[in-house]
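Here the structure comes first, spelled out in structure tokens, and everything after it is commentary.
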Amino acid sequence: MSSSWQRRIERAEELERQHPFAAQILHFYGKVARFQGELYSRLENATGVRPPKPSGSDAGPPEFPELLARFPDFLRVLEQNAPSQLQVVARELRAAPKEIRAELLNEAWSGSDATQAVGTHQFPMCAFLQPYAEFVRVRSGIKWDGYMHALCPFCSRKPGIGVLRQQGDGGSRSLICSFCLAEWQFRRIVCPSCAEENPAKLPVFTAEELPCVRVECCDTCKTYIKTIDLTKNGLAEPVVDEIAAIPLDLWAQERGYTKVQPNLLQM
Ligand SMILES: [Zn+2]
Ligand SMILES: [Zn+2]
């Protein structure tokens, strides 16, 4: 399994032991990440490179038939490990005609508004497609040096997580795509939602129990994003540490802030 998925799985296991308040959700995430990592390896090892689709084609990604065939296995993982409401959704999806699953996956892949409407389907679709999105992104070889915008330079979705990495005496901030996991530099004192730059409008909160997680808020558009501070803990894995810090989401939401983009688990 690729090292990045392996690190996420191990970090989930570690935080599951450290944070009882998030143990259940991290345990579930670990199962999802294991499937995702295996799917990623499978895609990497698949032989026979297909030609890219002509532009304007909307028939979905080139590996679509293989993906579709693997989807029921993923739904089985959810049926066995997900919270009860999601188990029901997974069971219904597995019982549904293949064409329905194909349609939903295609919608989720293109990120169309239609998918936003079916909230309960959002998680199974996005979680299943995430390793493929990362695979396609890596394969594309796209570089985005100098890119300054708040939306993902690869798939144009909103950022789900911020990251601070050591740079000189301080930390430089980057953002991570909620879907394809691309990471790109972003100015530190700017709201990724409305571009507010006034530091007085951009309060940052931290909790003693979670020292490497910052809640970066904007009082202009009332949004927030959680940023993982790797200068405080170099062992943190942004995707996993963000999920583990659920209490900070509740805290921010009670104060009227809305998350820029829900995480993979739709929280
Ligand atoms: Zn992306
Ligand atoms: Zn804002």
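Counting from 131, one number per residue, gives the positions in the sequence shown under the numbering used here. C-beta: ideal position from N, C-alpha, C; glycine also. Please read these numbers as outputs of a predicted model, since none were measured by experiment.
It is roughly 18 Å from the alpha-carbon of Leu311 to the alpha-carbon of Ser302.
At least one heavy atom of ligand 2 falls within 6 Å of the beta-carbon of Thr350.
Ala220: not part of any beta strand (DSSP E); member of the alpha helix (DSSP H) spanning Ser214 to Ala225, first to last residue. Under DSSP, Asp203 forms no beta bridge with any residue.
Only buried fits Pro283, as 16 or more other CB atoms lie within 10 angstroms of its CB.
The beta carbon of Pro368 is closer than 7 Å to those of Ile291, Val293, Ile306 and Ile358 in its chain, skipping five residues each way along the sequence. When C-alpha distances from Ala366 are compared across Met397, Ala226 and Gln148, the shortest belongs to Gln148. In this structure, Cys347 has its CB at a distance of at least 6 Å from all heavy atoms of ligand 1. Counted as a single uninterrupted DSSP element, the alpha helix (DSSP H) harbouring Ile376 occupies residues Ile376 to Glu384.
Ligand 2 approaches Glu326 closely enough that one of its heavy atoms is under 6 Å from the residue's Cβ. Beta-bridge analysis with DSSP links Ser302 to Arg295.
Residues of the same chain with a CB within less than 7 Å of the CB of Lys288, apart from the 5 flanking positions on each side, are Leu281, Ser308, Val390 and Gln391 in chain order.
Taking C-alpha positions only, Leu235 is separated from Leu259 by approximately 8 Å. It is roughly 46 Å from the alpha-carbon of Asn328 to the alpha-carbon of Val218. Pairing Gly298 with Trp239, the inter-Cα distance amounts to about 38 Å.
With a cut-off of 6 Å, the C-beta of Ser323 is classified as near ligand 2, since at least one heavy atom of the ligand falls inside that distance.
Judged by the Cβ position, Arg287 qualifies as a neighbour of ligand 1 at the 6 Å threshold, a heavy atom of the ligand being closer than this. Contact annotation: Ala142 and Tyr159 have beta-carbon atoms nearer than 7 Å.
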